[in-house]
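So the structure is just underneath, and the comments pick up after that.
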Amino acid sequence: MDSENIFLALKNIKKTIDLNKDEIEKLDQAIGDGDHIFNIQRGLNEALKLEHELSNLSPEEVFKKIGMKIMTTVGGSSGALFATLLMGMSKKYSKESNDLENLAAMFYEGVEATKKRGKADIGEKTMLDVLIPVSLSLTELKNEKNIQTVAEKIKMVAEEGMLSTKDIMATKGRASFLGERAIGHIDPGARSSQLAINAICDEYIK
Amino acid sequence: MDSENIFLALKNIKKTIDLNKDEIEKLDQAIGDGDHIFNIQRGLNEALKLEHELSNLSPEEVFKKIGMKIMTTVGGSSGALFATLLMGMSKKYSKESNDLENLAAMFYEGVEATKKRGKADIGEKTMLDVLIPVSLSLTELKNEKNIQTVAEKIKMVAEEGMLSTKDIMATKGRASFLGERAIGHIDPGARSSQLAINAICDEYIK
Amino acid sequence: MKKFVNKVEEILTESLSGFQKAHPDIIKVNFSPDFIYRAKKPAVDKVSLISGGGSGHEPLHGGFVGHGMLDAACPGQVFSAPTPDQMEAAASKVHNGKGILFIVKNYSGDIMNFEMGADMIDFDHETILVNDDVAVEDSTFTTGRRGVAGTMIVEKTVGSLAETGASLEECKLFGDHVNNVTASMGVAFTSCTVPAAGKPTFEIGAEEMEFGVGIHGEPGRKREKIKTANEITNDIISTIIEDLKPNKNQEVLMHVNGFGGTPLMELYLLFDVGQKILEKEGIKVSHSLVGNYTTSLDMAGASFSITKLDEKITQHWESAVHTAALRWKI
Amino acid sequence: MKKFVNKVEEILTESLSGFQKAHPDIIKVNFSPDFIYRAKKPAVDKVSLISGGGSGHEPLHGGFVGHGMLDAACPGQVFSAPTPDQMEAAASKVHNGKGILFIVKNYSGDIMNFEMGADMIDFDHETILVNDDVAVEDSTFTTGRRGVAGTMIVEKTVGSLAETGASLEECKLFGDHVNNVTASMGVAFTSCTVPAAGKPTFEIGAEEMEFGVGIHGEPGRKREKIKTANEITNDIISTIIEDLKPNKNQEVLMHVNGFGGTPLMELYLLFDVGQKILEKEGIKVSHSLVGNYTTSLDMAGASFSITKLDEKITQHWESAVHTAALRWKI
Ligand SMILES: Nc1ncnc2c1ncn2[C@@H]1O[C@H](COP(=O)(O)OP(=O)(O)O)[C@@H](O)[C@H]1O
Ligand SMILES: Nc1ncnc2c1ncn2[C@@H]1O[C@H](COP(=O)(O)OP(=O)(O)O)[C@@H](O)[C@H]1O
Ligand SMILES: [Mg+2]
Ligand SMILES: [Mg+2]
Ligand SMILES: [Mg+2]
Ligand SMILES: [Mg+2]
Chain U
336 MDSENIFLAL KNIKKTIDLN KDEIEKLDQA IGDGDHIFNI QRGLNEALKL
386 EHELSNLSPE EVFKKIGMKI MTTVGGSSGA LFATLLMGMS KKYSKESNDL
436 ENLAAMFYEG VEATKKRGKA DIGEKTMLDV LIPVSLSLTE LKNEKNIQTV
486 AEKIKMVAEE GMLSTKDIMA TKGRASFLGE RAIGHIDPGA RSSQLAINAI
536 CDEYIK
Chain E
336 MDSENIFLAL KNIKKTIDLN KDEIEKLDQA IGDGDHIFNI QRGLNEALKL
386 EHELSNLSPE EVFKKIGMKI MTTVGGSSGA LFATLLMGMS KKYSKESNDL
436 ENLAAMFYEG VEATKKRGKA DIGEKTMLDV LIPVSLSLTE LKNEKNIQTV
486 AEKIKMVAEE GMLSTKDIMA TKGRASFLGE RAIGHIDPGA RSSQLAINAI
536 CDEYIK
Chain B
15 MKKFVNKVEE ILTESLSGFQ KAHPDIIKVN FSPDFIYRAK KPAVDKVSLI
65 SGGGSGHEPL HGGFVGHGML DAACPGQVFS APTPDQMEAA ASKVHNGKGI
115 LFIVKNYSGD IMNFEMGADM IDFDHETILV NDDVAVEDST FTTGRRGVAG
165 TMIVEKTVGS LAETGASLEE CKLFGDHVNN VTASMGVAFT SCTVPAAGKP
215 TFEIGAEEME FGVGIHGEPG RKREKIKTAN EITNDIISTI IEDLKPNKNQ
265 EVLMHVNGFG GTPLMELYLL FDVGQKILEK EGIKVSHSLV GNYTTSLDMA
315 GASFSITKLD EKITQHWESA VHTAALRWKI
Chain X
15 MKKFVNKVEE ILTESLSGFQ KAHPDIIKVN FSPDFIYRAK KPAVDKVSLI
65 SGGGSGHEPL HGGFVGHGML DAACPGQVFS APTPDQMEAA ASKVHNGKGI
115 LFIVKNYSGD IMNFEMGADM IDFDHETILV NDDVAVEDST FTTGRRGVAG
165 TMIVEKTVGS LAETGASLEE CKLFGDHVNN VTASMGVAFT SCTVPAAGKP
215 TFEIGAEEME FGVGIHGEPG RKREKIKTAN EITNDIISTI IEDLKPNKNQ
265 EVLMHVNGFG GTPLMELYLL FDVGQKILEK EGIKVSHSLV GNYTTSLDMA
315 GASFSITKLD EKITQHWESA VHTAALRWKI
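Residue numbers (the numbering used here), protein chains in the order written: chain U, 336 to 541; chain E, 336 to 541; chain B, 15 to 344; chain X, 15 to 344.
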């Protein structure tokens with residue numbers, strides 16, 4: 336894991352998000368306020384601008400600085416949450432571990448911080464319905480040798496999590512104001528999180 | 336000429352105006368502010384409410400009171416102008432004259448007052464392009480015995496006047512602000528005046 | 015039509031009734047004939063300022079009745095000049111010994127109805143005709159230019175002068191002067207919808223704007239493709255400057271006026287752009303007003319009004335005012 | 015999209031720049047991180063009030079910075095909560111020895127970003143969460159209700175209390191109290207258009223309205239056929255009354271707030287209707303505010319906010335205020 340990998344992942348995420356812009360926009364228009372796509376696009380653009388500045392730093396520094404950049408440029412719920420996720424992740428990087436072990440530990444820490452920030456948990460129709468299952472699966476799979484297997488599994492888990500947001504009411508975030516009217520709509524943050532995870536996984540699936 | 340005639344004429348005018356509502360509305364929307372139809376409909380409704388109150392009064396009183404009602408309920412250019420026309424007309428009624436003589440003299444007086452009120456004359460793309468020629472024709476025809484001939488002639492003159500407003504620029508009224516952009520549109524006040532005159536004439540054409 | 019309305023014919027009466035209830039400390043409303051007047055009689059003998067015009071431009075004029083501005087306002091039906099009996103009744107109510115000054119926007123309907131009202135009163139009176147809209151060619155042979163958002167600048171400054179006890183003649187001269195050094199122009203993105211009509215006054219394409227639009231949605235100079243805020247402001251300001259011919263270092267008041275449907279955020283953006291353009295011309299924007307003051311119902315769009323300031327205008331712009339829509343130093 | 019804009023990404027910066035130029039006597043703007051703060055430091059040591067939220071609701075909150083209301087406001091991107099560094103920088107700038115009181119509308123994004131900002135400062139601080147929107151069910155297990163137009167009532171009254179030198183705790187308690195006795199609900203006829211999106215946030219039929227809409231164009235209680243002003247107001251006021259449970263003879267402040275695209279004429283009409291309905295219930299509207307204060311860009315529609323008055327709230331509502339958007343007794 337190094338700065339180059341991380342920025343490659345970011346670029347892949349950006350590509351996927353841009354490709355799915357209209358869908359994400361519509362999801363937040365349906366049960367939110369319509370800004371989610373602009374928030375994450377702004378965040379990705381700002382993060383990518385850091386590529387040269389961060390090119391020689393350690394992964395923990397890279398995650399921390401990207402997290403701070405997102406914290407100071409995105410705003411909204413997703414800005415606070417994704418910044419918390421990334422800054423949380425930066426805390427658990429260990430030179431001693433391999434990439435998958437690192438990722439599992441870091442993601443776990445990041446997701447825990449995100450849960451605290453959002454005062455939310457699984458089943459509340461938020462991005463956590465993707466992030467939590469993914470974190471749990473990563474922990475389970477952290478010793479798996481075949482990275483493609485991991486990627487395929489994670490991809491599936493993320494998609495299931497994302498889809499699970501469709502038929503429930505929201506109890507956190509803006510969609511919670513809608514009560515039953517939110518049923519039938521996928522949560523925008525769950526969708527963007529799943530797309531991001533997808534983009535990372537696809538790099539390891541031949 | 337008595338109160339009954341006058342209210343019959345008003346009712347006929349109202350019928351015609353209502354039938355041509357959309358066209359009049361569009362004319363003032365094109366080169367004015369779109370209120371002309373509502374102004375004249377409001378005026379006609381208010382005037383018609385006076386029917387019983389004025390039923391035993393002399394024609395001069397009837398014209399005067401209708402004029403005052405229009406003055407106090409219509410507003411806009413047409414309110415001021417039609418009120419001036421009617422109040423002007425009321426001044427020249429003479430018991431000694433026959434109806435056509437009366438009408439010619441009264442209308443002449445009313446139109447003169449209207450010209451003064453509007454500081455306008457023929458050829459400025461206003462209702463005066465209908466009212467002035469009609470007034471002149473009435474004066475010419477005031478001794479004509481065949482009332483149907485008069486009605487037919489006046490109807491024609493009014494229509495010519497109305498149509499003449501189409502291809503000129505306005506130098507008075509709201510349409511004057513448009514300069515060349517007013518060319519090609521008939522003046523709303525000319526159209527409503529012509530329709531009113533038409534409705535009166537039709538009563539005498541079998 | 016999407017409006018908060020019970021019966022279309024009652025919209026004006028109900029709105030005036032709400033206006034009276036919302037501002038009992040500042041104004042009172044007389045119904046039939048309709049006019050708005052100050053809740054408190056002025057403490058001094060002063061010239062009484064009366065304005066009015068069609069409704070649909072709120073807060074103009076009723077929102078400007080109160081200390082430091084108007085003594086009364088006569089609201090007509092939406093976009094129709096008020097009737098003479100309103101002016102007569104308002105004048106009789108507010109006359110205060112020093113004559114009546116009518117402030118009238120330059121439209122045939124307003125002029126004629128105010129004239130007829132003036133004919134009905136015995137007090138001394140004068141009329142200021144406001145014609146600040148440079149979108150329209152000026153000519154002595156025609157009706158000339160329209161009166162638009164500059165009207166409130168005339169009402170504010172002359173209102174302040176009147177409050178000092180100045181004579182009718184002085185007030186009239188000063189008002190004409192303010193009008194002469196004020197120029198305005200606007201642009202519309204959408205049409206307004208007159209309640210009685212129930213549909214938009216004009217059609218306009220999704221990419222079009224009406225350049226030089228009037229405050230009743232009347233056509234302006236031209237229909238064109240929508241431009242950037244910089245370009246639009248440039249076009250407007252250069253037309254205004256051509257008319258006002260300000261000197262280098264001239265201090266001006268710049269009023270960015272919303273027509274009703276444009277967010278405040280955009281109006282402040284326009285103010286920023288306008289200030290920069292004027293600065294480049296060496297003109298100093300020393301005073302400002304940004305907001306929806308002379309509206310055209312729900313029309314999206316905005317206008318700029320610029321007044322060349324001198325010491326006297328500045329003083330009377332800055333002075334205390336206490337009305338429903340404009341309030342400072344009091 | 016029809017907006018006055020140069021580059022969509024610059025709209026906020028340019029608008030803030032114009033805001034600063036238009037009100038140099040009242041506010042200053044700090045850029046990167048963006049916040050609006052008072053041009054003059056308060057004369058007394060006082061609790062510093064900081065609010066903020068997504069842009070697009072102007073004049074909320076920047077228009078309420080000044081004597082008697084806020085010390086600073088942090089504007090986010092359109093409809094996106096501001097970022098924590100803005101709150102941190104604003105707090106450092108305006109802290110005045112007696113602690114910071116954050117006034118936050120009850121949205122996840124605002125709450126989290128304000129929390130993160132608060133974590134970054136060393137001063138004493140408290141937060142008032144405003145959740146006045148009765149369109150939304152309240153429940154301790156969910157996010158609860160939205161914060162809408164009642165926010166400015168909290169800002170006005172707590173701002174006034176802070177000006178007296180009251181402690182942070184006192185201000186926080188009073189703000190929570192005002193929030194508790196304030197309830198709001200709105201209805202939309204059209205959707206707003208977020209500049210970055212370039213098209214309306216929601217589709218709505220020519221005869222439809224969104225009952226209980228949020229100030230970001232979020233769906234409300236239900237989509238229904240458009241009704242008369244009387245019916246709409248009845249529906250809203252009865253929901254508010256159910257929540258506030260006022261006593262007979264209760265005095266209230268009634269705020270009719272336009273969402274941006276609705277003419278003032280209609281807002282005053284709504285005020286008239288609302289007052290009549292409350293009067294029938296034996297409730298006295300003793301204080302009023304009518305206008306576009308908490309907008310949703312160009313959305314057509316309006317909301318009612320009602321605050322049950324007591325002596326203390328009344329006093330702090332009436333007291334002097336001097337901001338860009340609200341100004342009286344000063
Ligand atoms: N309290 C919360 N906990 C976890 N996730 C949340 C919370 N609130 C919002 N979210 C997530 O944030 C997403 C919305 O992000 P965004 O639209 O950028 O912000 P906002 O809702 O402030 O406009 C939601 O779809 C949801 O996934
Ligand atoms: N100065 C004038 N002299 C004569 N007729 C005029 C004058 N000004 C306006 N008109 C007439 O009035 C008509 C417009 O009436 P209306 O729409 O009711 O009033 P407004 O123009 O005030 O909105 C014009 O079509 C024109 O015929
Ligand atoms: Mg959102
Ligand atoms: Mg007209
Ligand atoms: Mg008119
Ligand atoms: Mg948001």
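Beta carbons are placed, not taken as given, at the ideal position from N, Cα and C, and that holds for glycine.
**Reduced DSSP secondary structure (H/G/I, E/B, other) of N433 (chain U)** = Counting from 1 along the first sequence, the entry for residue 433 (chain U) is found at position 98. N433 (chain U): coil per DSSP, three-state reduction.
**Request:** Pull out every residue of the region 89 to 100 of chain X whose Cβ sits closer than 9 Å to any Cβ of chain U, in chain order.
**Result:** G90, Q91, V92, F93, S94, A95, P96, T97, P98, D99 and Q100
**Prompt:** Under a CB-based cut-off of 9 Å, is V304 (chain B) close to chain X?
**Reply:** Here residue 304 (chain B) refers to the residue found at position 290 when the third sequence is read from its first residue. Yes, V304 (chain B) lies at the interface with chain X (some Cβ there is under 9 Å from its Cβ).
**Prompt:** Name the DSSP bridge partner or partners of D88 (chain X)?
**Reply:** Here residue 88 (chain X) corresponds to residue number 74 of the fourth sequence, with the count starting at 1. Note that residue 88 (chain X) corresponds to Cys in the displayed sequence, not to Asp. Answer is X:G66, bridged to C88 (chain X).
**Request:** Give the single residue among X:Y51, X:T276 and X:R237 whose Cα lies nearest to the Cα of V82 (chain X).
**Result:** Looking up residue 82 (chain X) in the fourth sequence gives position 68. Inspection of the sequence shows that residue 82 (chain X) is occupied by Gly rather than by Val. The option with the nearest alpha carbon to G82 (chain X) is X:Y51.
**Item:** Unbroken alpha helix (DSSP H) run spanning Y282 (chain B), endpoints
**Value:** Working through the third sequence from its first residue, we reach residue 282 (chain B) at position 268. Y282 (chain B) -> alpha helix (DSSP H) spans L278 to K294.
**Pick from X:S69, X:F45 and X:G111 that is closest to M279 (chain B), judged by C-alpha positions** = Taking the first residue of the third sequence as position 1, residue 279 (chain B) is located at position 265. The shortest Cα separation from M279 (chain B) among X:S69, X:F45 and X:G111 belongs to X:S69.
**Message:** For a test of the three-state rule: what should DSSP assign to I201 (chain B), helix, strand or coil?
**Reply:** Counting from 1 along the third sequence, the entry for residue 201 (chain B) is found at position 187. The sequence shown places Val at residue 201 (chain B), not Ile. If DSSP states are grouped into helix, strand and coil, V201 (chain B) belongs with the strands.
**Message:** I246 (chain B) and T308 (chain B) - do their beta-carbons sit closer together than 9 Å?
**Reply:** For the purposes of this step, residue 308 (chain B) is taken as residue 294 along the third sequence, with counting starting at 1. For the purposes of this step, residue 246 (chain B) is taken as residue 232 along the third sequence, with counting starting at 1. Contact flag unset, no.
**Message:** Between N374 (chain U) and ligand 3, is there a pair consisting of the residue's CB and a ligand heavy atom that are separated by less than 8 Å?
**Reply:** Translated into the one-based positions of the first sequence, residue 374 (chain U) becomes position 39. Answer for N374 (chain U): yes, Cβ within range of ligand 3.
**Request:** Counting only the same chain and skipping the five closest in sequence on each side, list residues whose C-beta sits under 6 Å from that of K119 (chain B).
**Result:** Taking the third sequence and counting its residues from 1, the one referred to as residue 119 (chain B) is at position 105. The answer, listed in chain order, is G67, V144, G161 and T165.
**Message:** Under 9 Å, CB to CB, which of the residues in the region 407 to 430 of chain U have a partner in chain X?
**Reply:** T407, T408, V409, G410, G411, S412, S413, G414, A415, L416, A418 and T419
**Request:** Would you grab the beta carbon distance between A95 (chain X) and N44 (chain X) for me? Rounded to a whole angstrom, and I think it's under 8 Å.
**Result:** Counting from one through the fourth sequence, the residue named residue 95 (chain X) turns up at place 81. Counting from one through the fourth sequence, the residue named residue 44 (chain X) turns up at place 30. A95 (chain X) to N44 (chain X), Cβ: 18 Å. No contact.
**Request:** Give a yes or no on whether 9 Å exceeds the smallest Cβ distance from D456 (chain E) to chain B.
**Result:** Within the second sequence, the letter at position 121 stands for residue 456 (chain E). No, because no Cβ of chain B sits closer than 9 Å to the Cβ of D456 (chain E).
**chain U contacts made by the region 17 to 46 of chain X, where a contact means CB separation under 7 Å** = none
**Asked** Would you say K507 (chain E) reaches chain B, if we count a Cβ-Cβ gap shorter than 9 Å as a contact?
**Response** By one-based count along the second sequence, residue 507 (chain E) stands at place 172. It does; some Cβ of chain B falls within 9 Å.
**Asked** What number of angstroms, rounded off, separates the C-alpha of E386 (chain U) from the C-alpha of N347 (chain U)?
**Response** As a first step, residue 386 (chain U) is located in the first sequence; it is residue number 51 there, counting from the start. As a first step, residue 347 (chain U) is located in the first sequence; it is residue number 12 there, counting from the start. So the two alpha carbons sit approximately 14 Å from each other.
**Every unbroken beta strand (DSSP E) inside the region 117 to 196 of chain X [3 residues or more]** = 139 to 144
**Message:** Within 8 Å, do at least three Cβ pairs link the region 530 to 540 of chain U to the region 472 to 490 of chain E?
**Reply:** no
**Item:** Residue ranges of each alpha helix (DSSP H) within the region 404 to 434 of chain E, 4 or longer
**Value:** 411 to 425
**Asked** How many Å lie between G219 (chain X) and V227 (chain X) at the Cα?
**Response** Position 205 of the fourth sequence, counted from the start, is the residue given in the question as residue 219 (chain X). Position 213 of the fourth sequence, counted from the start, is the residue given in the question as residue 227 (chain X). Using only the alpha carbons, I get a separation of about 15 Å.
**Prompt:** Should the region 241 to 258 of chain X be regarded as contacting the region 190 to 206 of chain X, the criterion being three or more beta carbon pairs within less than 8 Å?
**Reply:** yes
**Message:** Suppose you measure from the CA of I503 (chain E) to the CA of D464 (chain E); what does that come to, to the nearest Å?
**Reply:** Mapped onto the second sequence, residue 503 (chain E) falls at position 168. Mapped onto the second sequence, residue 464 (chain E) falls at position 129. Taking the straight line joining both Cα atoms gives about 11 Å.
**Message:** Excluding the 5 residues flanking E184 (chain X) on each side, which residues of the same chain have their C-beta closer than 8 Å to its C-beta?
**Reply:** Taking the fourth sequence and counting its residues from 1, one reaches residue 184 (chain X) at position 170. Around E184 (chain X): L175.
**Request:** Go ahead and pull the three-state DSSP assignment for F18 (chain B).
**Result:** In the third sequence, the residue the question calls residue 18 (chain B) occupies position 4. Three-state result, F18 (chain B): coil.
**Item:** Selection of the region 203 to 224 of chain X by Cβ proximity to chain U, strictly under 7 Å
**Value:** V208, A210, A211, T215 and F216
**Request:** Look at the Cβ atom of E265 (chain B), then the Cβ atom of K213 (chain B), and state whether they are nearer than 9 Å.
**Result:** Counting from 1 along the third sequence, the entry for residue 265 (chain B) is found at position 251. Counting from 1 along the third sequence, the entry for residue 213 (chain B) is found at position 199. Contact flag unset, no.
**Request:** Residues of the region 113 to 143 of chain B with a CB closer than 7 Å to any CB of chain E: list them in chain order, please.
**Result:** Y121, S122, G123, M126, N127 and M130
**Asked** Alpha carbon to alpha carbon, how far is P89 (chain B) from F49 (chain B)?
**Response** Residue 89 (chain B) sits at position 75 when you count from the first residue of the third sequence. Residue 49 (chain B) sits at position 35 when you count from the first residue of the third sequence. Roughly 6 Å between the two C-alpha positions.
**Request:** Below 7 Å CB to CB, which residues in the same chain sit around M336 (chain E) once its five sequence neighbours on both sides are set aside?
**Result:** Position 1 of the second sequence, counting from 1, holds the residue named residue 336 (chain E). P394, D434 and N437.
**Item:** Local Cβ density within 10 Å of K450 (chain U), reported as buried at 16 or more and exposed below that
**Value:** Along the first sequence, read from residue 1 onward, the residue named residue 450 (chain U) stands at position 115. With 16 or more Cβ atoms within 10 Å of its Cβ, K450 (chain U) is classed as buried.
**Request:** Taking M336 (chain E) as part of the beta strand (DSSP E), name the residues at either end of that continuous run.
**Result:** Walking along the second sequence from the start, residue 336 (chain E) turns up at place 1. It is not in any beta strand (DSSP E) - M336 (chain E) carries neither H nor E in the DSSP assignment.
**Cβ of G68 (chain B) within 9 Å of any chain E Cβ** = Here the question's residue 68 (chain B) lines up with position 54 in the third sequence. Cβ-Cβ to chain E under 9 Å: yes for G68 (chain B).
**Request:** Starting from the beta carbon of S511 (chain E), find every residue of chain B whose beta carbon is closer than 7 Å, and list them in chain order.
**Result:** For this step, residue 511 (chain E) is matched to residue 176 along the second sequence. Residues of chain B passing the Cβ test: T156 and T157.
**Message:** Assuming T253 (chain X) is part of the beta strand (DSSP E), what are its boundary residues?
**Reply:** Here residue 253 (chain X) refers to the residue found at position 239 when the fourth sequence is read from its first residue. Run containing T253 (chain X): none in the beta strand (DSSP E); it sits in the alpha helix (DSSP H), A243 to L258.
**Prompt:** So, S528 (chain U) versus A493 (chain U), is the Cβ gap smaller than 9 Å?
**Reply:** Taking the first sequence and counting its residues from 1, one reaches residue 528 (chain U) at position 193. Taking the first sequence and counting its residues from 1, one reaches residue 493 (chain U) at position 158. Result yes, Cβ atoms of S528 (chain U) and A493 (chain U) sit closer than 9 Å.
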